[in-house]
Amino acid sequence: MLATVKKVEERQGRSGPYWLISLEGEERPLYCWDRKLGPAILPGQLYELEVDSSGRFPKVKALRLVASANGLAPGEKGEGEAPVTVRLVLTLDVEALQEAVDLLAELLRKARG
């Protein structure tokens, strides 16, 4: 699912912190109990989200930052093979994905100053 994050709130539960994620155009929030993913989710950003809706609370299982809500960023080509990074994300295990999210969050924080 593609969605723009409207608001992220860190909350404290019985078993530790979790994040309540409000999305643009969605009434029901998502929840994230992953201590590496939660802090990396930033308001105003477009993400491709993998959500588990089988339980009482819809849970974010994985996410990927998308370049633009309008498609490809200026100067990007839309034809040819998929970028190597996309192919790698599909084959990496969860721990490697979490490390990538941590790195991305750090880079975004530095870029914002």
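So for the sequence shown, the numbering used here puts the first residue at 1; every next one is plus one.
Ideal Cβ positions, reconstructed from N, Cα and C, are used throughout, including at glycine.
### Query
According to DSSP, what are the bridge partners of VAL51?
VAL51 is bridged to VAL60.
### Task
Quick one: grab the DSSP three-state call for LEU37.
LEU37 falls in the coil class under three-state DSSP.
### Query
Cα separation between SER53 and LYS59?
Computed Cα separation, rounded: 6 Å.
### Task
Would you mind working out which of GLY16, GLY113, LEU103, GLY44 sits nearest VAL8, comparing C-alpha positions?
The option with the nearest alpha carbon to VAL8 is GLY44.
### Message
Please tell me whether LEU115 and VAL5 are closer than 8 Å, where the distance is taken between their beta carbons.
### Response
Here the chain covers residues 1 to 113 and nothing more, so residue 115 does not appear.
### Query
From the DSSP output, which residues share a beta bridge with GLU10?
Residue pairing by DSSP puts GLU10 in a beta bridge opposite TRP19.
### Message
Given the structure, does VAL60 come close to the ligand NAD, in the sense that its CB is under 7 Å from one of the ligand's heavy atoms?
### Response
For the structure depicted, the ligand NAD is absent and the ligand set is empty, with no information on it obtainable.
### Cβ-Cβ separation, ARG64 to GLU48 (assumed contact under 8 Å), whole Å
Correct: roughly 5 Å between the Cβ atoms.
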